[in-house]
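Peer 1: Protein chains in written order, with the working numbering: chain A, 8 to 119; chain B, 37 to 149.
1. Taking DSSP as the reference, what is the three-state secondary structure of residue 70(A)?
2. Excluding the five sequence neighbours on either side, which residues of its own chain have a C-beta within less than 6 Å of the C-beta of residue 65(A), listed in chain order?
3. Report yes if the CB atom of residue 113(A) is closer than 8 Å to the CB atom of residue 79(B), and no otherwise.
4. For residue 110(A), decide whether its Cβ has a neighbour in chain B, counting only Cβ atoms nearer than 8 Å.
5. Report all residues from its chain with a CB closer than 6 Å to the CB of residue 28(A); omit the five preceding and five following residues, and keep chain order.
6. Considering residue 97(B), what are the terminal residues of the beta strand (DSSP E) in which it resides?
7. So residue 35(B) and residue 98(B) are supposed to be a Cβ contact under 8 Å. How far apart are they, rounded?
8. Kindly say whether residue 135(B), judged by its beta-carbon, lies nearer than 8 Å to any beta-carbon of chain A.
9. Could you list which residues in chain A have their beta carbon closer than 8 Å to that of residue 85(B), in chain order?
10. According to DSSP, is residue 41(B) helix, strand or coil?
11. Run through chain B and tell me which residues come within less than 9 Å of residue 48(A), C-beta to C-beta.
12. If I measure Cβ to Cβ from residue 62(A) and keep anything under 8 Å in the same chain, skipping five residues before and after, which residues do I get?
13. So what's residue 78(B) in DSSP terms, helix, strand or just coil?
14. Would you mind giving the Cβ-Cβ distance between residue 25(A) and residue 86(A), rounded to the nearest angstrom? I have them listed as a contact below 8 Å.
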């Protein structure tokens, strides 16, 4: 499989719990992005990595959110103390610099 | 402040017809304009893209028209098919920095058989 893989595909959690999502990018892609998409909206940028360095974070990424990309390979996005407003599709994308993005199928988070 | 405005919100066309989706942007520093197609439960997939030094790009049944002076671009789907039924997003990107994409709100296209 040469695409971007995200795990899990769906996550239901209770408000206040912590959740972690994983993204495995296309192996030769040096850039990795996280976006959030709510119903009826386009994806919104959250953060991005060039190799293992996190170079930009959106204001949408509150202190409860943290992302890592150890060794410049897979990435994790953790949300602590989830709130109902965190319910969304979390999309990961990878990119070889100067070329187009490839998005994964996303992780749909539902906070109840 | 929405940087990329997309219209219409939804579109219904008959099989064989032409689907037209429009976008307008504000930031003149954007220099790459892709269109994405998204099916339910899937991530967006790159359909076609254009740079501002070109006024039109065609790939199969899909054409982007770009008007730099008006800061507008549009997607034309010729001979629309039921399999084209999906949500389409325009986007804009500022290259040289983070290369993050700014998306429009999407257009839900339904092609009736």
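Every residue, glycine too, gets a C-beta built ideally from N, C-alpha and C.
Peer 2: On the basis of the data shown:
1. For the purposes of this step, residue 70(A) is taken as residue 63 along the first chain, with counting starting at 1. Residue 70(A) falls in the coil class under three-state DSSP.
2. Position 58 of the first chain, counting from 1, holds the residue named residue 65(A). 52, 53.
3. Mapped onto the first chain, residue 113(A) falls at position 106. Mapped onto the second chain, residue 79(B) falls at position 43. Yes.
4. Reading the first chain from its first residue, position 103 is the one you call residue 110(A). Taking Cβ atoms only, chain B reaches closer than 8 Å to residue 110(A), which makes this a yes.
5. On the first chain, position 21 is the one that residue 28(A) refers to. So the list reads 84, 97, 114, once near-sequence residues are dropped.
6. The residue you call residue 97(B) lines up with position 61 of the second chain. Per DSSP, residue 97(B) belongs to no beta strand (DSSP E) and is neither H nor E.
7. With chain B running from 37 to 149 in the structure shown, residue 35(B) is simply not present.
8. Here residue 135(B) is taken as the residue at index 99 of the second chain, counted from 1. Interface residue (Cβ-Cβ distance to chain A less than 8 Å): residue 135(B) is classified as such.
9. The sequence position of residue 85(B) within the second chain is 49, counting from 1. Under the 8 Å cutoff, chain A gives 107.
10. If you number the second chain from 1, residue 41(B) lands on position 5. Looking at residue 41(B) - three-state DSSP - the assignment turns out to be strand.
11. For this step, residue 48(A) is matched to residue 41 along the first chain. In chain order: 139, 141, 142.
12. Counting from one through the first chain, the residue named residue 62(A) turns up at place 55. Counting only Cβ-Cβ distances below 8 Å, and skipping sequence neighbours, we find 55, 56.
13. Taking the first residue of the second chain as position 1, residue 78(B) is located at position 42. Looking at residue 78(B) - three-state DSSP - the assignment turns out to be coil, as it is neither helix nor strand.
14. Here residue 25(A) refers to the residue found at position 18 of the first chain. Here residue 86(A) refers to the residue found at position 79 of the first chain. Contact between residue 25(A) and residue 86(A) holds, since their C-beta atoms are separated by about 7 Å, short of 8 Å.
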